[in-house]
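Participant: Be aware that the sequence shown starts at 59, since it is given in the working numbering, and climbs by one per residue.
Where is the CB? At the ideal position from N, CA and C, for every residue including glycine.
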Amino acid sequence: MNKPGRRPTHAIVFGISGATWDVAAPLLAAGRLPHLQRLVADGCSATMLSVRVAGDRHYRPQVGWVTAATGCLPEHHGVTTFYQTADDCRRVTVWDAFQAHGRRVGLFAWPLTWPPKPLDGFVIPCYHARNDTTWPPELASVKRIERQQHEARQGREASGSLGRREWVDLSLHLWRNGIRPSAIPALGACAGRLLLARDPASRALALRHGKLEVSAAMFLHLYKRWRPHLGTFHSFLVDNVSHRYWRYRDPARFGERVSPMQGRLASAVDDAYVRTDRVLGRLLRVAPRDAMIAVVSEHGMAPEPSSNEVGEWQYMIRGPRLSALIGLATELVDTPIARWISYRSPPGKSLPSDAVSRFRQVRVVETGLPLFNVYEHGSDEIIVKFSISKQVPRYLAGDLDALHVEYNGRRLPFCEIARRAGRQRSAMHDQRGILVLSGPDIRPGVKLPDCSLTDFAPTLLAAVGLPAPGPFDGRILDVFG
Ligand SMILES: [Zn+2]
59 MNKPGRRPTH AIVFGISGAT WDVAAPLLAA GRLPHLQRLV ADGCSATMLS
109 VRVAGDRHYR PQVGWVTAAT GCLPEHHGVT TFYQTADDCR RVTVWDAFQA
159 HGRRVGLFAW PLTWPPKPLD GFVIPCYHAR NDTTWPPELA SVKRIERQQH
209 EARQGREASG SLGRREWVDL SLHLWRNGIR PSAIPALGAC AGRLLLARDP
259 ASRALALRHG KLEVSAAMFL HLYKRWRPHL GTFHSFLVDN VSHRYWRYRD
309 PARFGERVSP MQGRLASAVD DAYVRTDRVL GRLLRVAPRD AMIAVVSEHG
359 MAPEPSSNEV GEWQYMIRGP RLSALIGLAT ELVDTPIARW ISYRSPPGKS
409 LPSDAVSRFR QVRVVETGLP LFNVYEHGSD EIIVKFSISK QVPRYLAGDL
459 DALHVEYNGR RLPFCEIARR AGRQRSAMHD QRGILVLSGP DIRPGVKLPD
509 CSLTDFAPTL LAAVGLPAPG PFDGRILDVF G
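1. What residue range is occupied by the uninterrupted beta strand (DSSP E) comprising residue 488?
2. Can you check whether the CB of residue 485 is closer than 8 Å to the CB of residue 69?
3. Near residue 181, what residues of its chain come up, given a Cβ to Cβ distance below 7 Å and the 5 sequence neighbours on each side ignored?
4. Quick check on residue 220: does DSSP put it in helix, strand or coil?
5. If the criterion is Cβ atoms closer than 8 Å, does the pair residue 137 and residue 121 meet it?
6. One question on the structure: do residue 514 and residue 354 come within less than 8 Å of each other, judged by their Cβ atoms?
7. Over the uninterrupted beta strand (DSSP E) stretch that includes residue 432, give me the two end residues.
8. What residues match up with residue 372 in a beta bridge as DSSP calls it?
9. Taking just the CA atoms, how far does residue 419 sit from residue 215?
10. Give a yes or no on whether the minimum CB-CB distance between residue 522 and chain D is below 8 Å.
11. Are the beta-carbon atoms of residue 150 and residue 128 separated by less than 8 Å?
12. Among 477, 113, 505, 160, which one has its Cα closest to the Cα of residue 378?
13. For residue 465 and residue 434, I'd like the C-alpha separation in whole angstroms.
14. Roughly how many angstroms lie between the CA atoms of residue 217 and residue 472, to the nearest whole one?
15. For ligand 1, is there a heavy atom less than 7 Å away from the beta-carbon of residue 119?
16. If you check the beta carbons only, do residue 91 and residue 457 fall under 8 Å apart?
17. Here's the rule: buried if 16 or more other CB atoms are within 10 angstroms of the residue's CB, otherwise exposed. What is residue 75?
18. Taking 7 Å as the cut-off, is the beta-carbon of residue 480 closer than that to any non-hydrogen atom of ligand 1?
19. If you reduce the DSSP assignment to three classes, tell me which class residue 424 lands in.
20. Taking DSSP as the reference, what is the three-state secondary structure of residue 306?
21. Report the three-state DSSP secondary structure of residue 464 (helix, strand or coil).
22. Please determine, among 371, 524, 332, the residue with the shortest C-alpha to C-alpha distance to residue 84.
23. Would DSSP call residue 78 helix, strand or coil?
24. Can you tell which of 77, 126, 159 has its C-alpha closest to the C-alpha of residue 531?
25. State yes or no: is the C-beta of residue 487 nearer than 7 Å to some heavy atom of ligand 1?
26. With DSSP collapsed to three states, give me the class of residue 177.
27. When DSSP labels each residue in this structure, what does residue 102 get in the three-state scheme?
28. Over the uninterrupted beta strand (DSSP E) stretch that includes residue 292, give me the two end residues.
29. Is residue 136 near ligand 1, in the sense that its beta carbon is under 7 Å from a heavy atom of that ligand?
30. What would DSSP say about residue 141, mapped onto helix, strand or coil?
31. With a threshold of 7 Å, establish whether the CB of residue 186 neighbours any heavy atom of ligand 1.
32. Helix, strand or coil: which one does DSSP assign to residue 69?
33. Please say whether residue 154 and residue 410 have beta carbons closer to each other than 8 Å?
34. Tell me whether residue 491 counts as near ligand 1, meaning its Cβ is closer than 7 Å to at least one heavy atom of that ligand.
35. So, at 7 Å on beta carbons, what are the nonlocal neighbours of residue 277 in its own chain, with the 5 sequence-adjacent residues on each side left out?
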């Protein structure tokens, strides 16, 4: 029964991108996720089914997290592609609803919060952001730290040595920003593992663990300073590690040969959940005693033994080299995001009118096909993504390193504009995400039937006594005692 007058005023949303009960349930049973275990015992839990855009085979985090924030389906909130931004969202979010009732919010890495709008509280956008803008603007150094870490992983995990220097820089930066006490032991452990890592995969993993620790330290620092009524923290460790390291968890299924490295990485996915649970524990210690706590994933994760990706390796686009190839080195600013690139013009300038057609003219010599899918996003952004399909026999044969690209009569090796980033993925997004809700009015120890991601926003707002700010596609779940 809904008794809005008695609802708590504070809520914490802990987003674990890519979390699935398939991994979490055995870990809970083994007592390895004690903080999540307590919330499950004290509250309601469910498998939360993700949503995807009609015609899209993927459950996308950008679409999913906006659905969670608005309680609406993609066709209603308007975010239907991987490269959209907060400006494209047409529906009211849960943080808008908090603000409308005079409640402060603090958002840390909730996807699609860039560009951040002025509000009472703070907004640190996630890795989809096109620059370091935060709200308030003086928190840009926090975003800069996050971006440096992203770049450290993207650009340097193949070599490793520069990653260590980056790590020292980051630690100093954190120290100067007053983010010390809670983070130091965990950061020290990550730095030690980075130094000891013997292969690129182990180094990449140590950097990802470091990112979780740094993000958690920064969020706790901001949370204690602002005390928001709605505090949200998102981690992408589970999603990242699942994509990349599931093969080591289940080596026989992937034909992975048994080696010392495979042995070292066999527990990487489970370990990502355990580390994330520890961060959850730190958040619970600073949360108000009567706060609503929600743990949520926007989609689950499942092994992908027959990958849709081509070849043995993943490739990243070398943004500056590509803009130089098409003769626009000084007219375009690149922002690498996941495995695609956003190109914008420098401040005060507009995009060259023929930039899109120039990107589209870049072809693979061996196949004669365009190398990129190119999208125009509004009038100020071009999105560039590899177009390397398994349907093309030459690509299916692998060895993409040996290809050549051509633009306007100029030829160069594929690897001049593409960089190996790591092994082909071994898990992909799955419909079945997780939901756990715990708070003063929430029924304890209840396993709910499967629900929809669209149910999250209406249920969260009801749980803190706020009225629906607009129409929802979801419903209020039966969680109240
Ligand atoms: Zn993912």
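Facilitator: From the atom records:
1. What you label residue 488 is simply residue 430 of the sequence shown in a count that begins at 1. Residue 488 -> beta strand (DSSP E) spans 485-488.
2. As a working note, residue 69 is residue 11 in the sequence shown. As a working note, residue 485 is residue 427 in the sequence shown. Cβ atoms of residue 69 and residue 485: not closer than 8 Å.
3. Translated into the one-based positions of the sequence shown, residue 181 becomes position 123. The residues are 165, 171, 174, 192, 193.
4. On the sequence shown, residue 220 is found 162 positions in, with the first residue counted as 1. Caution is warranted here: a pLDDT of 42 is assigned to residue 220, below 50, making its placement in the model unreliable, and no coordinate value can be reported.
5. Sequence index remark: in the sequence shown, residue 137 carries index 79 (1-based). Sequence index remark: in the sequence shown, residue 121 carries index 63 (1-based). In this structure, residue 121 lies closer than 8 Å to residue 137 by Cβ.
6. Here residue 514 is taken as the residue at index 456 of the sequence shown, counted from 1. Here residue 354 is taken as the residue at index 296 of the sequence shown, counted from 1. Cβ distance < 8 Å, so residue 514 and residue 354 count as in contact.
7. Indexing the sequence shown from 1 puts residue 432 at position 374. Its beta strand (DSSP E) spans residues 430-435.
8. In the sequence shown, residue 372 corresponds to position 314, counting from 1. Answer by DSSP bridge pairing, in chain order: 480.
9. Sequence index remark: in the sequence shown, residue 215 carries index 157 (1-based). Sequence index remark: in the sequence shown, residue 419 carries index 361 (1-based). The predicted model places residue 215 with a pLDDT of 39, which falls under 50 and marks its position as unreliable; any figure quoted below should be read in that light. When rounded, the distance between both Cα atoms is 31 Å.
10. No chain D is present in this structure, which holds just one protein chain.
11. The residue given as residue 150 occupies position 92 in the sequence shown. The residue given as residue 128 occupies position 70 in the sequence shown. Yes, they are a contact pair.
12. Reading the sequence shown from its first residue, position 320 is the one you call residue 378. When each option's Cα is compared against that of residue 378, the closest is 477.
13. Residue numbering aside, residue 465 sits at position 407 when the sequence shown is read from its first letter. Residue numbering aside, residue 434 sits at position 376 when the sequence shown is read from its first letter. Computed Cα separation, rounded: 20 Å.
14. Looking up residue 217 in the sequence shown gives position 159. Looking up residue 472 in the sequence shown gives position 414. Here residue 217 scores only 38 on pLDDT, less than 50, and its place in the model should not be relied on; the value that follows carries that caveat. The straight-line gap from Cα to Cα measures roughly 20 Å.
15. The residue given as residue 119 occupies position 61 in the sequence shown. True, at least one ligand heavy atom lies under 7 Å from that Cβ.
16. Counting from 1 along the sequence shown, the entry for residue 91 is found at position 33. Counting from 1 along the sequence shown, the entry for residue 457 is found at position 399. Going by C-beta atoms, residue 91 is not nearer than 8 Å to residue 457.
17. Locating residue 75 in the sequence shown gives position 17, where the first residue counts as 1. With 16 or more Cβ atoms within 10 Å of its Cβ, residue 75 is classed as buried.
18. For this step, residue 480 is matched to residue 422 along the sequence shown. The answer is no for residue 480.
19. On the sequence shown, position 366 is the one that residue 424 refers to. Residue state, collapsed to three classes: coil.
20. Translated into positions along the sequence shown, residue 306 becomes position 248. Residue 306 falls in the helix class under three-state DSSP.
21. Taking the first residue of the sequence shown as position 1, residue 464 is located at position 406. Reduced to three states, the DSSP call for residue 464 is strand.
22. Numbered from its first residue, the sequence shown carries residue 84 at position 26. The shortest C-alpha separation from residue 84 is found at 332.
23. On the sequence shown, residue 78 is found 20 positions in, with the first residue counted as 1. Of the three classes helix, strand and coil, the one that applies to residue 78 here is coil, per DSSP.
24. Translated into the one-based positions of the sequence shown, residue 531 becomes position 473. Comparing Cα positions, the closest option is 126.
25. For the purposes of this step, residue 487 is taken as the residue at position 429 of the sequence shown. Checking every heavy atom of ligand 1 against the Cβ of residue 487, one is found closer than 7 Å.
26. On the sequence shown, residue 177 is found 119 positions in, with the first residue counted as 1. It is coil, neither helix nor strand.
27. Reading the sequence shown from its first residue, position 44 is the one you call residue 102. DSSP places residue 102 in strand when its eight states are reduced to three.
28. One-based indexing of the sequence shown puts residue 292 at position 234. First-last of the beta strand (DSSP E) with residue 292: 288-293.
29. Indexing the sequence shown from 1 puts residue 136 at position 78. For ligand 1, not one heavy atom lies less than 7 Å from the Cβ of residue 136.
30. Here residue 141 is taken as the residue at index 83 of the sequence shown, counted from 1. Here residue 141 sits in coil by DSSP.
31. Start at 1 with the first residue of the sequence shown, and residue 186 comes out as number 128. Incorrect: residue 186 has no Cβ contact closer than 7 Å to ligand 1.
32. Position 11 of the sequence shown holds residue 69. Note: residue 69 maps to strand in three-state DSSP.
33. If you number the sequence shown from 1, residue 410 lands on position 352. If you number the sequence shown from 1, residue 154 lands on position 96. Not closer than 8 Å, so no.
34. On the sequence shown, residue 491 is found 433 positions in, with the first residue counted as 1. No, ligand 1 has no heavy atom inside 7 Å of this Cβ.
35. For the purposes of this step, residue 277 is taken as the residue at position 219 of the sequence shown. Correct list, in chain order: 166, 291.
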